[in-house]
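Q: This is the structure, below, for whatever I ask next.
2 protein chains.
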Amino acid sequence: MNILYDERVDGVLPATDKHALLQALREQMPDLEILHCQEELKPYECDGLSAYRTTPMLVVLPREIEQVEKLLKICHQQRVPVVPRGAGTGLSGGALPLEKGVLLVMARFNKILEIDPAGRFARVQPGVRNLAISQAAAPHGLYYAPDPSSQIACSIGGNVAENAGGVHCLKYGLTVHNLLKVEMLTVDGERLTLGCNALDSPGFDLLALFTGSEGMLGVITEVTVKLLPKPQSAKVLLAAFDSVEKAGRAVGDIIAAGIIPGGLEMMDNLAIRAAEDFIHAGYPVDAEAILLCELDGVEADVDDDCERVRRVLEQAGATEVRQAKDEAERVRFWAGRKNAFPAVGRLSPDYYCMDGTIPRRELPGVLRAIAELSAEYNLRVANVFHAGDGNMHPLILFDANTPGELDRAEALGGKILELCVKVGGSITGEHGVGREKINQMCAQFSGDELTLFHAVKAAFDPSGLLNPGKNIPTLHRCAEFGAMHVHMGQLPFPELERF
Amino acid sequence: MNILYDERVDGVLPATDKHALLQALREQMPDLEILHCQEELKPYECDGLSAYRTTPMLVVLPREIEQVEKLLKICHQQRVPVVPRGAGTGLSGGALPLEKGVLLVMARFNKILEIDPAGRFARVQPGVRNLAISQAAAPHGLYYAPDPSSQIACSIGGNVAENAGGVHCLKYGLTVHNLLKVEMLTVDGERLTLGCNALDSPGFDLLALFTGSEGMLGVITEVTVKLLPKPQSAKVLLAAFDSVEKAGRAVGDIIAAGIIPGGLEMMDNLAIRAAEDFIHAGYPVDAEAILLCELDGVEADVDDDCERVRRVLEQAGATEVRQAKDEAERVRFWAGRKNAFPAVGRLSPDYYCMDGTIPRRELPGVLRAIAELSAEYNLRVANVFHAGDGNMHPLILFDANTPGELDRAEALGGKILELCVKVGGSITGEHGVGREKINQMCAQFSGDELTLFHAVKAAFDPSGLLNPGKNIPTLHRCAEFGAMHVHMGQLPFPELERF
């Protein structure tokens with residue numbers, strides 16, 4: 001079993017001759033667009049997580065699946081690692097290039113191949129933008145439900161690779177719940193189909209395994225997504241609270257009442273003020289926390305649900321409950337939330353966005369603990385998040401130019417993620433592990449579990465050439481990080497001694 | 001890569017000394033209940049698919065996880081295959097024993113460990129019956145949604161192994177969508193945790209991969225399932241049609257109207273008459289097909305949805321639409337459906353139950369094609385199925401004592417499943433592949449895809465000792481079956497030549 005990905009990334013990769021590779025690619029695919037000069041490569045040195053940067057050896061921008069197939073075969077023969085990239089909007093460095101690797105940009109595969117209103121699916125190329133699918137389906141009264149905040153820009157291929165979420169995932173599920181089929185290429189350029197157009201494919205559920213695998217198992221060449229009918233009506237309630245814990249408890253109360261809102265989001269005072277200053281959404285700036293709760297469906301049901309949610313919120317101690325009086329106000333309420341990250345960005349030179357998930361009932365306690373950690377590390381933390389599904393996005397504010405603040409921010413972030421794991425949650429809800437959270441994976445999983453991840457990786461990619469150094473840490477890395485998850489009171493993997 | 005599972009099953013397994021194994025087990029676990037005499041083994045020779053029977057070498061009935069752990073370690077050392085079994089209600093022979101293997105019965109692990117009404121989950125041992133979970137959750141107004149027809153008897157461990165479905169899975173998802181966490185033992189007795197108590201676990205989605213893996217990847221020792229609030233109200237509509245195609249089309253129309261019923265079931269004339277004779281449910285026996293459509297939720301919403309569905313059904317050409325006038329009639333309507341299999345069993349000495357899924361919009365065409373195949377093979381076929389999610393259960397009626405009829409029934413069944421694959425569906429919706437449909441997997445998947453399945457199996461179980469010969473056919477078997485899926489115009493796996 002190959003567990004040496006990091007070593008390769010860290011410099012012991014076979015010394016690939018860039019020019020030999022370039023020559024082979026040009027000979028076999030004269031039409032393939034290849035970037036190889038420093039100034040051309042520069043824009044590709046990071047994805048949405050700009051704290052990590054590496055200039056790739058080469059960038060290729062294919063337009064035909066056959067080119068991708070041939071590229072993978074050539075790279076496989078020459079033992080060159082390949083990092084697939086969609087729109088480059090990812091927030092965990094999943095598409096961070098390798099100095100000795102090829103960055104495979106799939107953005108030009110941007111055709112919508114089929115919209116089937118009767119079958120309620122769309123078949124699209126991987127570079128199609130998330131929002132473009134809903135726009136293409138709109139004339140049929142349909143849409144694609146998962147809606148990451150980056151949906152204007154991010155591509156469906158990247159969404160599949162990261163199992164992207166969004167405001168509506170509480171009710172409509174993550175990317176994995178909205179897929180029918182993925183066409184992919186293996187590391188050596190073989191075509192495979194995962195899933196099918198009907199309910200539940202037999203054999204192992206490779207479609208679910210592949211979704212969220214962060215480019216480590218194959219390259220996506222086509223995606224068939226489910227489309228849903230657009231809800232007839234959507235209304236939003238804004239509730240203010242005088243403590244974040246009360247707001248956290250109200251979230252659980254709404255779900256416990258048997259209501260699944262279309263979206264259920266929370267912001268704390270720092271985030272409320274930042275958003276209000278930036279967007280003028282009409283938020284109550286004195287509130288310690290607000291909840292935004294959207295109900296969608298048939299008009300009569302929505303009205304009914306709004307009344308029930310209002311009662312739950314009042315019982316939970318809301319100081320104010322307001323329903324957006326018209327569509328314009330509804331859009332304004334959401335604009336504040338959707339622009340909360342850039343709004344918080346105006347408060348501080350830098351911020352670090354976390355992405356932990358926790359069981360919903362742990363919200364009050366974890367919010368309190370984050371406030372305590374914030375005081376301890378002397379760094380402000382703004383909370384803006386998908387409260388309904390327990391997916392938190394604490395934003396740690398810092399100034400990278402003040403010595404020590406970046407380190408303190410990273411340490412605080414690590415503590416918050418460990419807290420999430422401790423209460424039975426996870427270190428990432430929708431942004432992925434990528435390069436960013438690879439050390440925290442050591443806290444989340446045991447050595448046996450990581451070994452199994454590596455074995456599954458090897459089943460798809462025995463050569464370890466697809467996006468090495470992301471998502472799954474080596475046991476070596478975990479030992480160095482010093483945070484090996486201890487299972488049943490002992491390190492369960494004796495081979496660790498070898499390192 | 002190991003692709004020789006079948007060969008092992010077919011007789012080239014290492015000649016295990018039954019008495020040596022028995023002795024080792026008794027020495028190390030004096031308290032472990034072991035069955036080894038012919039008359040004790042007999043009741044375990046098949047699961048719910050009684051057409052396949054094999055007497056196991058030994059049956060073990062552990063009561064402690066530590067016993068299972070030790071058993072797996074001993075069997076692994078001695079290279080003895082292990083077949084895990086839950087309640088033995090499976091319909092595809094997934095728990096069919098091996099002559100030279102141990103049958104590991106998990107039925108005695110029947111404790112409900114925790115019901116958490118706030119966190120909305122139940123943590124249970126694998127032998128707990130499906131219905132027992134809902135019964136235990138009922139005092140909190142909660143229930144576990146997936147409801148296979150066998151829910152009185154089948155166990156949650158078996159449900160996870162088969163990714164079981166049921167009437168309510170259209171709205172509430174399959175088993176995989178209602179799980180939070182699985183504790184398991186690997187083939188060599190190591191403990192692993194898959195999933196977590198919060199939304200979306202990082203790393204590869206091994207929980208989804210494991211769900212439906214039919215006992216080939218590990219032995220389940222604990223399951224944490226999601227609980228849902230019981231709907232306030234449930235009402236059912238019965239619609240009669242003068243053709244199965246019209247009924248099939250109405251199914252798509254209901255979903256296209258943006259309504260997701262709690263259940264949406266279809267029965268054809270043969271099934272209607274059989275059920276009516278048996279249960280006196282009040283079905284219209286002259287109808288060519290009926291649909292049963294249940295709407296559940298808040299009272300006002302349900303009434304509203306009933307009206308909308310009624311209009312859709314009338315527009316789709318229903319000759320009659322009736323709403324169950326009270327709870328007693330609702331229960332009677334469902335009793336007819338839930339007893340349709342035994343009812344059809346009264347029409348014919350034998351029947352063969354299929355389990356294909358198809359895209360919903362293909363229902364009218366596939367139902368017509370099944371009628372044509374039925375005439376061609378001169379065997380009656382009754383259709384009773386989860387129409388809403390395109391999961392068909394054609395029941396082929398035959399008499400095993402009439403020479404040739406069993407063969408004809410199997411051939412007709414094979415044709416129906418191939419038809420499902422052809423229209424973009426799959427060979428199993430909820431009953432699993434097991435031993436029964438292993439040949440049809442050759443039609444469903446390419447050689448590359450099967451090779452990947454074997455590689456994933458080897459990642460969990462390199463020795464191939466867990467439930468060999470089920471679920472994933474060897475390429476050798478597919479070549480012999482003569483139905484190798486031809487991908488891109490050629491057999492993609494050159495090693496096939498070797499056999």
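Residue numbers (the UniProt record's numbering), protein chains in the order written: chain G, 1 to 499; chain A, 1 to 499.
Even for Gly, the Cβ is constructed at its ideal location relative to N, Cα and C.
(1) Taking the alpha helix (DSSP H) that A:Asn130 belongs to, which residues open and close that run?
(2) Is the CB of G:Glu190 under 8 Å away from at least one CB in chain A?
(3) Classify A:Pro43 as helix, strand or coil using the three-state DSSP reduction.
(4) Would you say the segment 197 to 213 of chain G touches the segment 170 to 179 of chain G, given that touching needs at least three Cβ pairs under 8 Å?
(5) If you pair each beta-carbon of the segment 28 to 37 of chain A with each one of the segment 58 to 69 of chain A, do three or more pairs fall below 8 Å?
(6) Which residues does DSSP pair with A:Phe241 in a beta bridge?
(7) Would you say G:Glu449 reaches chain A, if we count a Cβ-Cβ gap shorter than 8 Å as a contact?
(8) Label G:Gly404 either buried or exposed according to how many other C-beta atoms from any shown protein chain fall within 10 Å of its C-beta, with 16 as the threshold for buried.
(9) So which of A:His280, A:Arg310, A:Glu299 and A:Asp301 has the shortest CA-CA distance to A:Cys293?
(10) Does DSSP put A:Ala267 in a helix, a strand or coil?
(11) Taking buried to mean at least 16 other C-beta atoms within 10 Å of its own C-beta, is A:Gln444 buried or exposed?
(12) Check each candidate in G:Pro148, G:Ile115 and G:Gln151 and name the one with the smallest Cα separation from G:Ala138.
(13) Under DSSP, the alpha helix (DSSP H) around A:Cys75 begins and ends at which residues?
(14) Here's the rule: buried if 16 or more other CB atoms are within 10 angstroms of the residue's CB, otherwise exposed. What is A:Asp326?
(15) Would you call the segment 362 to 371 of chain G and the segment 409 to 420 of chain G touching, i.e. three or more CB-CB distances under 8 Å?
(16) Report the residue ranges of all alpha helix (DSSP H) runs contained in full by the segment 182 to 228 of chain G; include only those spanning at least 4 residues, in chain order.
(17) How would you write the range of the alpha helix (DSSP H) that G:Val384 sits in, first residue to last?
(18) Name the residues in the segment 420 to 441 of chain A whose C-beta lies less than 9 Å from a C-beta of chain G; which are they?
(19) Going along the segment 349 to 367 of chain A in order, which residues come within less than 9 Å of chain G, judged by CB to CB distance?
(20) Taking buried to mean at least 16 other C-beta atoms within 10 Å of its own C-beta, is G:Pro342 buried or exposed?
(21) Drop a sphere of 10 angstroms on the beta-carbon of G:Thr402, count the other beta-carbons inside from all chains shown, and report buried for 16 or more, exposed for fewer.
(22) Tell me which residues share the same chain as G:Glu222 and place their Cβ nearer than 6 Å to its Cβ, disregarding the 5 neighbours each side in the sequence.
(23) Got a sec? Which residues, its chain only, sit under 8 Å from A:Ile3 by beta carbon, not counting five neighbours each side?
(24) Could you check how far apart the C-beta atoms of G:Lys230 and G:Gly141 are, in whole angstroms? I think they sit under 8 Å.
(25) Quickly, what does DSSP pair G:Leu58 with across the bridge? List them, please.
(26) For A:Met441 and G:Ala382, I'd like the C-alpha separation in whole angstroms.
(27) Any beta carbon from chain A within less than 8 Å of residue 500 of chain G's own beta carbon?
(28) Who are G:Cys169's beta bridge partners in DSSP?
(29) Suppose the cutoff is 6 Å on Cβ atoms and the five residues either side in sequence are ignored; what does the same chain contact list for A:Ser233 look like?
(30) For residue 502 of chain A, tell me which candidate among A:Ala316, A:Val219 and A:Glu307 has the shortest Cα-Cα distance.
(31) Please compile the residues from chain G whose C-beta is within a distance smaller than 8 Å of the C-beta of A:Phe445.
(32) For residue 505 of chain A, which residues in chain G fall below 7 Å Cβ to Cβ?
(33) As a quick exercise: from A:Glu436, A:Ile272 and A:Leu395, pick the residue whose alpha carbon is nearest that of A:Ser348.
(34) Should G:Ser438 be labelled buried (16 or more other beta-carbon atoms within 10 Å of its own) or exposed?
(35) Looking at C-alpha atoms only, which residue of A:Asp399, A:Gln125 and A:Lys338 is the closest neighbour of A:Thr224?
(36) For the segment 304 to 330 of chain A, which residues have a beta carbon sitting closer than 7 Å to at least one beta carbon of chain G?
A: On the basis of the supplied data:
(1) The count along the second sequence starts at 1 and reaches residue 130 of chain A at position 130. Residues Asn130 to Ala137.
(2) On the first sequence, position 190 is the one that residue 190 of chain G refers to. True, the Cβ-Cβ gap to chain A drops below 8 Å.
(3) Sequence index remark: in the second sequence, residue 43 of chain A carries index 43 (1-based). Three-state DSSP puts A:Pro43 in a helix.
(4) In short, these stretches touch, since the Cβ pair count reaches three.
(5) Because the criterion of three Cβ pairs below 8 Å is met, the segment 28 to 37 of chain A and the segment 58 to 69 of chain A touch.
(6) Residue 241 of chain A sits at position 241 when you count from the first residue of the second sequence. Partner residues in the beta bridge of A:Phe241, as assigned by DSSP, are A:Ala289.
(7) Position 449 of the first sequence, counting from 1, holds the residue named residue 449 of chain G. Cβ-Cβ to chain A under 8 Å: yes for G:Glu449.
(8) Here the question's residue 404 of chain G lines up with position 404 in the first sequence. Its Cβ having fewer than 16 others within 10 Å, G:Gly404 is exposed.
(9) The residue you call residue 293 of chain A lines up with position 293 of the second sequence. Comparing alpha carbon positions, the residue from A:His280, A:Arg310, A:Glu299 and A:Asp301 closest to A:Cys293 is A:Arg310.
(10) For the purposes of this step, residue 267 of chain A is taken as residue 267 along the second sequence, with counting starting at 1. Reading the sequence as shown, one finds Met at residue 267 of chain A and not Ala. Three-state result, A:Met267: strand.
(11) Position 444 of the second sequence holds residue 444 of chain A. Using a 10 angstroms sphere on the CB of A:Gln444, the tally of other CB atoms reaches 16 or more, which defines it as buried.
(12) On the first sequence, residue 138 of chain G is found 138 positions in, with the first residue counted as 1. Nearest C-alpha to G:Ala138: G:Ile115.
(13) Taking the second sequence and counting its residues from 1, the one referred to as residue 75 of chain A is at position 75. A:Cys75: member of the alpha helix (DSSP H) spanning Ile65 to Gln77, first to last residue.
(14) Numbered from its first residue, the second sequence carries residue 326 of chain A at position 326. Exposed, by the Cβ-count rule.
(15) A contact exists between the segment 362 to 371 of chain G and the segment 409 to 420 of chain G.
(16) List check, alpha helix (DSSP H) in window: 206 to 210.
(17) The residue you call residue 384 of chain G lines up with position 384 of the first sequence. From DSSP, G:Val384 is part of no alpha helix (DSSP H) but of the beta strand (DSSP E) over Val381 to Phe385.
(18) From the segment 420 to 441 of chain A, only Cys420, Val421, Val423, Gly424, Gly425, Ser426, Ile427, Thr428, Gly429, Glu430, Gly432, Val433, Lys437, Gln440 and Met441 have a Cβ closer than 9 Å to chain G.
(19) The residues in question are Gly356, Thr357, Ile358, Pro359, Arg360, Arg361 and Glu362.
(20) Position 342 of the first sequence, counted from the start, is the residue given in the question as residue 342 of chain G. Classification of G:Pro342: exposed, given that the 10 Å Cβ count is below 16.
(21) For this step, residue 402 of chain G is matched to residue 402 along the first sequence. It is exposed - the Cβ of G:Thr402 has fewer than 16 other Cβ atoms within 10 Å.
(22) The count along the first sequence starts at 1 and reaches residue 222 of chain G at position 222. Around G:Glu222: Glu183.
(23) Translated into positions along the second sequence, residue 3 of chain A becomes position 3. Caution is warranted here: a pLDDT of 30 is assigned to A:Ile3, below 50, making its placement in the model unreliable, and no coordinate value can be reported.
(24) Taking the first sequence and counting its residues from 1, the one referred to as residue 230 of chain G is at position 230. Taking the first sequence and counting its residues from 1, the one referred to as residue 141 of chain G is at position 141. About 6 Å separates the Cβ atoms of G:Lys230 and G:Gly141, confirming a contact at the 8 Å cut-off.
(25) By 1-based counting over the first sequence, the position of residue 58 of chain G is 58. G:Val102.
(26) Taking the second sequence and counting its residues from 1, one reaches residue 441 of chain A at position 441. Taking the first sequence and counting its residues from 1, one reaches residue 382 of chain G at position 382. Straight-line Cα distance between these residues: approximately 52 Å.
(27) The structure shown does not extend to residue 500 of chain G, since chain G is modelled only from 1 through 499, so no value can be given for it.
(28) The residue labelled residue 169 of chain G in the question sits at position 169 within the first sequence. Looking at the DSSP output, G:Cys169 shares a beta bridge with no other residue.
(29) The residue you call residue 233 of chain A lines up with position 233 of the second sequence. If we look at A:Ser233 and ignore the five residues flanking it on each side, its Cβ neighbours are Glu299 and Val302.
(30) One cannot answer for residue 502 of chain A here, as it falls past the ends of chain A, which runs 1 to 499.
(31) As a first step, residue 445 of chain A must be located in the second sequence, where it is residue number 445. Correct list: Gly203.
(32) Because chain A spans 1 through 499 in this model, residue 505 of chain A falls outside it and cannot be assessed.
(33) For this step, residue 348 of chain A is matched to residue 348 along the second sequence. If we check each option's Cα against that of A:Ser348, A:Leu395 comes out closest.
(34) Along the first sequence, one-based indexing puts residue 438 of chain G at 438. This sequence places Ile at residue 438 of chain G; Ser is not what is there. That one is buried.
(35) The count along the second sequence starts at 1 and reaches residue 224 of chain A at position 224. Ranking A:Asp399, A:Gln125 and A:Lys338 by Cα distance to A:Thr224 puts A:Gln125 first.
(36) Of all residues in the segment 304 to 330 of chain A, only Asp304 come within less than 7 Å of chain G when Cβ atoms are compared, listed by chain position.
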